[in-house]
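Going down the list, the protein sequences come from chains A and P.
Heads up: the first sequence runs through residues 5 to 224, numbered per the working numbering.
Heads up: the second sequence runs through residues 5 to 224, numbered per the working numbering.
Notes follow the structure.
2 protein chains.
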Amino acid sequence: MPQTIRISKPTARRLTMYLRVLQSVVETGGMECISSHQLGAAAGVADAQVRKDLASIGGRGQSGVGYRTRELHETMRRAIGLQKSWRAVLVGAGNIGRALLAYPRFHTEGFELVAVFDHAPSVVGKRVAGLAVQPMKAIPATVRRSGAHFGIVAVPPSDAQNVAEILVASGIRGLLNFAPRALQLPAHVASVNVDFTEAFQRLAFETTNQSSRSKRTTGA
Amino acid sequence: MPQTIRISKPTARRLTMYLRVLQSVVETGGMECISSHQLGAAAGVADAQVRKDLASIGGRGQSGVGYRTRELHETMRRAIGLQKSWRAVLVGAGNIGRALLAYPRFHTEGFELVAVFDHAPSVVGKRVAGLAVQPMKAIPATVRRSGAHFGIVAVPPSDAQNVAEILVASGIRGLLNFAPRALQLPAHVASVNVDFTEAFQRLAFETTNQSSRSKRTTGA
């Protein structure tokens, strides 16, 4: 029963990386089978770790052949919970919020945006990506009525904790947080932080590491 | 010599997570020492893995005491390459680009945005965050003159590869890619993809996993 296993955050992170690789393989209709080595190379993970991660969600490979691509893709989507449709509300109709709404792959991936909120009176009532922006005080009623699962926090850092609490009190089960501030949340609420600084730091790291690598390669 | 070690992408990812934890500890001026267990718990990584990762960049802990917080913070910043200042250019002055420019922590982290480009004639010449938007054809000369290290690709997926190639040909060493499309890059160029779909998938995963966890806890 893959739905009831306990998976750590780093494992979840690796699984979504494998899913991304698999997705592009399935979309291009290329390979019928994929090995843990191929998956690992594309995702930057050691083969043995790939096999362990896939076994943990019930993915079965065959020695010398690998995993059946389509079957593994389906197993992963089920384990990740993408077989169902997730409804999300967005708080903050600023640049980040608008960029998300315009994101091309959003709807094809099982996510549906059902409401947008903002506290600025000049924005409330305007239509953003087909949705009329609602005032903040409408959050509890709208979240309950729509049965939304996720809240997207795209407000300034100073408002983030307050917005998160309103969303959680309204019944939201998971938060996607764009504010560069850690949120204090009850244990039953999941959260993922999207931190642009972290992305830059990783890039700085890889660039530093990359150049020392090339230097060594050309110098040897 | 931490600058010349070879570090895999997953390790780099974990190191930036530790850095984030350390940074908030240092900012709040709290603990003088931190154990691998405390760091691991905050970053969602096993203690032994934390010790291995920190040893790989030259971080030294003391048994029963842990790591000196400030010292480790400095060691990590050096290993990640944050002791120097990184100059970046942005291609695409749309919502994502504007959101990045408005990002509050950007400048304090050693990153400096030196130029913005867009292909839309209606945007070229306008000022965005204090920078006049330049036409795409200005990329090579501006990148060379400014000595920029990083390129931020915030254009539609169909333009991303082309933009990446122009940036690389102009001397850019690392790309932060916001387009939901994998880039084909020469081996000496580093890249980090920021994929919002991936963030949503991780959230779906954690929410699924979280609820089965709570169910088991309350049911047992």
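Yeah, the Cβ is synthetic: ideal placement off N, Cα and C, and Gly gets one too.
inquiry  = Just to make sure I have the definition right: I need the residues of chain P whose C-beta is within less than 7 Å of the C-beta of residue 206 of chain A. Which are they?
reply    = By 1-based counting over the first sequence, the position of residue 206 of chain A is 202. Those within 7 Å of residue 206 of chain A in chain P are 16, 17, 20, 196.
message = Let me make sure I understand the geometry here. Which of A:135, A:104, A:160 has the alpha-carbon closest to that of residue 202 of chain P?
response = Translated into the one-based positions of the second sequence, residue 202 of chain P becomes position 198. The closest CA to that of residue 202 of chain P, considering only A:135, A:104, A:160, is found on A:104.
ask   = Is it true that the CB of residue 209 of chain A sits closer than 8 Å to the CB of residue 19 of chain P?
value = Here residue 19 of chain P refers to the residue found at position 15 of the second sequence. Here residue 209 of chain A refers to the residue found at position 205 of the first sequence. A Cβ-Cβ contact shorter than 8 Å links residue 19 of chain P with residue 209 of chain A.
query = residue 200 of chain P CB to nearest chain A CB: under 8 Å?
reply = Against the second sequence, residue 200 of chain P aligns to sequence position 196. The Cβ of residue 200 of chain P sits closer than 8 Å to at least one Cβ of chain A.
ask   = Nearest-angstrom Cα distance between residue 175 of chain P and residue 54 of chain P?
value = The residue labelled residue 175 of chain P in the question sits at position 171 within the second sequence. The residue labelled residue 54 of chain P in the question sits at position 50 within the second sequence. Their backbone Cα atoms lie some 35 Å apart in a straight line.
request  = Go ahead and pull the three-state DSSP assignment for residue 126 of chain A.
outcome  = Locating residue 126 of chain A in the first sequence gives position 122, where the first residue counts as 1. Residue state, collapsed to three classes: coil.
inquiry  = Short of 7 Å in beta carbon distance, which residues of its chain neighbour residue 136 of chain A, apart from the five on each side in sequence? Order them along the chain.
reply    = Within the first sequence, numbered from 1, the residue matching residue 136 of chain A stands at position 132. If we look at residue 136 of chain A and ignore the five residues flanking it on each side, its Cβ neighbours are 129.
inquiry  = Can you give me the C-alpha to C-alpha distance between residue 89 of chain A and residue 114 of chain A, rounded to a whole angstrom?
reply    = The residue you call residue 89 of chain A lines up with position 85 of the first sequence. The residue you call residue 114 of chain A lines up with position 110 of the first sequence. Looking at the two C-alpha atoms, the distance is approximately 5 Å.
Range of the contiguous alpha helix (DSSP H) that encloses residue 95 of chain P = In the second sequence, the residue the question calls residue 95 of chain P occupies position 91. First-last for residue 95 of chain P: 90 to 95, but that is the beta strand (DSSP E), not the alpha helix (DSSP H).
Top-ranked residue by Cα proximity to residue 168 of chain A, from A:51, A:189, A:59 = Looking up residue 168 of chain A in the first sequence gives position 164. Residue A:189 holds the alpha-carbon nearest to the alpha-carbon of residue 168 of chain A among A:51, A:189, A:59.
inquiry  = Only counting the same chain, and skipping five residues up and downstream in sequence, which positions put a Cβ closer than 8 Å to that of residue 131 of chain P?
reply    = Here residue 131 of chain P corresponds to residue number 127 of the second sequence, with the count starting at 1. These residues qualify, in order along the chain: 137.
message = I'd like to know whether the C-beta of residue 211 of chain A is nearer than 8 Å to at least one C-beta of chain P.
response = Position 207 of the first sequence, counting from 1, holds the residue named residue 211 of chain A. Closer than 8 Å: yes.
query = Are the C-beta of residue 135 of chain P and some C-beta of chain A separated by less than 8 Å?
reply = Sequence index remark: in the second sequence, residue 135 of chain P carries index 131 (1-based). The beta-carbon of residue 135 of chain P is placed no less than 8 Å from the nearest beta-carbon of chain A.
Simplified DSSP state of residue 36 of chain P, which is helix, strand or coil = Your numbering for residue 36 of chain P matches position 32 in the second sequence. In the structure shown, residue 36 of chain P sits in coil (DSSP, three-state: anything other than H, G, I, E or B).
ask   = Does the segment 73 to 85 of chain P come close enough to the segment 56 to 65 of chain P to have 3 or more Cβ pairs within less than 8 Å?
value = Yes: the two stretches touch, three or more of their Cβ pairs being nearer than 8 Å.
ask   = Which residue comes first and which comes last in the alpha helix (DSSP H) that contains residue 101 of chain A?
value = Sequence index remark: in the first sequence, residue 101 of chain A carries index 97 (1-based). Taken as a continuous stretch (DSSP letters only), the alpha helix (DSSP H) holding residue 101 of chain A covers 99 to 105.
task = Report the rounded CA-to-CA distance for residue 151 of chain A versus residue 184 of chain A, giving the unit in angstroms.
result = Working through the first sequence from its first residue, we reach residue 151 of chain A at position 147. Working through the first sequence from its first residue, we reach residue 184 of chain A at position 180. Roughly 27 Å between the two C-alpha positions.
key: Close-in-space but distant-in-sequence residues of the same chain around residue 33 of chain A (CB under 7 Å, 5 per side omitted)   = By 1-based counting over the first sequence, the position of residue 33 of chain A is 29. No residues qualify anywhere along the chain.
message = For residue 154 of chain P, would you say it is in contact with chain A, using Cβ-to-Cβ distances shorter than 8 Å as the test?
response = Within the second sequence, numbered from 1, the residue matching residue 154 of chain P stands at position 150. Output row for residue 154 of chain P: interface = yes.
Reduced DSSP category for residue 195 of chain P - H, G, I as helix; E, B as strand; rest coil = Your numbering for residue 195 of chain P matches position 191 in the second sequence. Collapsing the DSSP output to three states places residue 195 of chain P in a strand.
task = Check whether the Cβ of residue 13 of chain P lies closer than 8 Å to any Cβ atom in chain A.
result = Counting from one through the second sequence, the residue named residue 13 of chain P turns up at place 9. Closer than 8 Å to some Cβ of chain A, the Cβ of residue 13 of chain P qualifies, so yes.
task = Can you have a look at residue 24 of chain P and say buried or exposed, based on whether 16 or more other CB atoms are within 10 angstroms of its CB?
result = Start at 1 with the first residue of the second sequence, and residue 24 of chain P comes out as number 20. By the beta-carbon neighbour count (other beta carbons within 10 angstroms, threshold 16), residue 24 of chain P is buried.
request  = Consult DSSP for residue 117 of chain P and reduce its assignment to one of helix, strand or coil.
outcome  = As a position in the second sequence, residue 117 of chain P is number 113, starting the count at 1. DSSP places residue 117 of chain P in strand when its eight states are reduced to three.
query = Nearest CA to the CA of residue 83 of chain A: which residue from A:22, A:171, A:147?
reply = Numbered from 1 along the first sequence, position 79 holds the residue referred to as residue 83 of chain A. Just measuring C-alpha positions, the residue of A:22, A:171, A:147 sitting nearest residue 83 of chain A is A:22.
inquiry  = Rounding to the nearest angstrom, what Cα-Cα distance links residue 38 of chain P and residue 13 of chain A in this structure?
reply    = If you number the second sequence from 1, residue 38 of chain P lands on position 34. If you number the first sequence from 1, residue 13 of chain A lands on position 9. Annotation: residue 38 of chain P to residue 13 of chain A spans about 21 Å, alpha carbon to alpha carbon.
message = Do residue 213 of chain P and residue 198 of chain P count as a contact pair if the criterion is CB distance below 8 Å?
response = The count along the second sequence starts at 1 and reaches residue 198 of chain P at position 194. The count along the second sequence starts at 1 and reaches residue 213 of chain P at position 209. No.
Residue 4 of chain P classed as buried or exposed, judged by whether at least 16 other C-beta atoms fall within 10 angstroms = Nothing can be reported for residue 4 of chain P: it is not among the residues displayed for chain P, which extend from 5 to 224.
message = I'd like to know if residue 166 of chain P contacts chain A, where contact means its C-beta is closer than 8 Å to some C-beta of that chain.
response = Locating residue 166 of chain P in the second sequence gives position 162, counting from the first residue. No, residue 166 of chain P does not count as interfacial toward chain A.
query = Pick from A:31, A:70, A:161, A:96: whose alpha carbon is nearest that of residue 187 of chain A?
reply = Position 183 of the first sequence, counting from 1, holds the residue named residue 187 of chain A. Residue A:161 is the option with its Cα nearest to residue 187 of chain A.
task = Compare the Cα-Cα distances from residue 164 of chain A to each of A:206, A:134, A:94 and report the closest residue.
result = As a working note, residue 164 of chain A is residue 160 in the first sequence. Of the candidates A:206, A:134, A:94, the one whose C-alpha sits nearest the C-alpha of residue 164 of chain A is A:94.
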